[in-house]
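Input: a single structure, listed below in structure tokens.
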Amino acid sequence: MLDQHCAEQQKRLEHVHEDKNLVKSEYDFVYLPIDFSTRANKGYAFVNFTTVEAANNANKEIHRRKWVIFNSKKVARVCYARVQGKTALVNRFSCSQFRCDTDEFLPATFTPPRNGTTSLPPPDIVGKRIIYFQ
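In full-length UniProt numbering, the protein residues as written are 1 to 134.
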């Protein structure tokens, strides 16, 4: 969803500006908390957009939108987080331990930031995965 949003924003900019390298919608941190017992998300996420303009654009596109996936009647709500910025988010989650069996559920950073293109290096994982045996 985020990559699609950024790609659409980039296409809009390319139609308005001659500078094809101008990228306004990028994000460099994402964390979607998961309930590890059900493997379902908890219904909220942390995303750090690289500019205020990008965050505002995402807010306009996502806030109060219905989730069409899974035939859900849920509506998205965008809120600004208490912890702001990639560095602060990495500091917040770097000592966290996650009882899961895959890094896909952990917070991730992106260098360079993601902007909707597909040719990007893998993310850097934040926090520590611990294997939990019942």
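Note that beta-carbon positions come from the ideal geometry of N, C-alpha and C, so glycine has one too.
- Item | beta strand (DSSP E) runs wholly inside the stretch 70–109, at least 3 long, in chain order | 97–99
- In chain order, what residues of the same chain have a beta carbon less than 8 Å from the beta carbon of ILE34, not counting five sequence neighbours either side? ALA40, ASN41, LYS42, CYS100, PHE105
- Pick helix, strand or coil for ALA45, following the three-state DSSP scheme. coil
- Message: I'd like to know whether the C-beta atoms of LYS86 and ASP28 end up nearer to each other than 8 Å.
- Response: yes
- Got a sec, what are the start and stop residues for the alpha helix (DSSP H) VAL52 sits in? 52–62
- Top-ranked residue by Cα proximity to LEU89, from TRP67, PRO107, ARG65, ILE130: PRO107
- Query: What residues in its chain sit with their C-beta under 8 Å from that of HIS63, if we drop five residues either side in the sequence?
  - Reply: ALA76, ARG77, VAL78
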